[in-house]
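Protein chains in written order, with the numbering used here: chain V, -9 to 78; chain Z, 4 to 158. One structure is given here, and the rest of the page talks about it.
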C-alpha cells in the first residue's frame, strides 16, 4: 500500500446546542494529514471563525463514548463536542 | 428499547415494567419542569439530545445499576418541548427490598444527569437541527427562560 493511502484521516464532527450556535454549524468533516487526536480536532475547530469561543477542553465523545482529549482518532470516527450536560 | 420519548411519560406503565410478585420494593423518581431557574421565570423548556449517544448512555447506566444491585430498572427521558410540570425524566427501580430500589434509583438519576447528552434550552438545537445556544441556564432567549432539573426539582 502506498504511504499516501494511509496518511489522510477524515472524521465527522458533530456540534450541539451552544457549540453549534457558536460555530454556526452542527456538523463538519475534518481531514488531517497523518495521525490526529481529539485535541487536534478541537484546535482545528477553534481556528474557525467564532471557534475561539469554544472552550479549549470541551467534553467530547468518539463513536458514542466519552473520551479524553489525547484519544487518537481513526478515519470514519464520529467526534461529538458536548456542551455541559443538563440531562435529567 | 428506546429511552428517549417525545410523548408524555406514562409513569404507571413505567412502574408496570418493573413490578413483579418477588420485587416488593419499588422506588420512583420523577424530574419535572419547574417554573423558575436562578431567580428567573420559566415558561416552558425544550430538551434536545445527541440521540444516538443518549440512548447508548442510558442503556449503559441501566445495565450498570442492574449489575450493582439485584434490581430491575426502567428509565425514560423526554425530549422536545415541555411545559411546566411535565415529567422530563422518570425512573422506576424495583427490588426485593427497598434499600436496593432506592440506591439504584438514585444512582440512575445521578448518572443520567452527569453522562447523558441532553440539553435543556429554548429553541432546539444540535446536529440535524438549528442550534439553540441553550444550555444549563446560560440561554439568553427573551421568550423562553430555561431551566435544568436538579435535586431541588419538584418531584
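Note that the Cβ used here is the ideal one computed from N, Cα and C, for glycine as well.
Practice problem: Could you please give me the residues that DSSP links to residue 61 (chain Z) through a beta bridge? | Solution: For residue 61 (chain Z), which the question treats as bridged, DSSP gives no partner whatsoever.
Quiz item: Within 10 angstroms of its Cβ, does residue 47 (chain V) collect 16 or more other Cβ (buried), or is it exposed?
Solution: exposed
Quiz prompt | Own chain residues within Cβ distance below 6 Å of residue 110 (chain Z), not counting five before or after | solution = 68
Self-check item: Bridge-paired residues (DSSP) for residue 24 (chain V)
Solution: DSSP output for residue 24 (chain V) lists no bridge partner at all.
Quiz item: Which bits of chain Z does residue 51 (chain V) rub up against, with CB to CB less than 8 Å?
Solution: 53, 56 and 120
Quiz item: Do you know offhand how far residue 54 (chain V)'s Cα is from residue 56 (chain Z)'s?
Solution: 5 Å
Quiz item: Beta-carbon of residue 127 (chain Z) versus every beta-carbon of chain V: anything under 7 Å?
Solution: Residue placement at residue 127 (chain Z) is poorly supported in this model, since its pLDDT is 34, which falls under 50; the coordinates still yield a value, given next. It does not; no Cβ of chain V falls within 7 Å.
Self-check item: Bridge partner(s) assigned by DSSP for residue 15 (chain Z)
Solution: DSSP output for residue 15 (chain Z) lists no bridge partner at all.
Quiz item: Is the beta carbon of residue 63 (chain Z) within less than 6 Å of some heavy atom of the ligand ADP?
Solution: The ligand content of the structure shown is nil, which means the ligand ADP is not present either.
Quiz item: Are any of the Cβ atoms in chain Z nearer than 7 Å to that of residue 7 (chain V)?
Solution: yes
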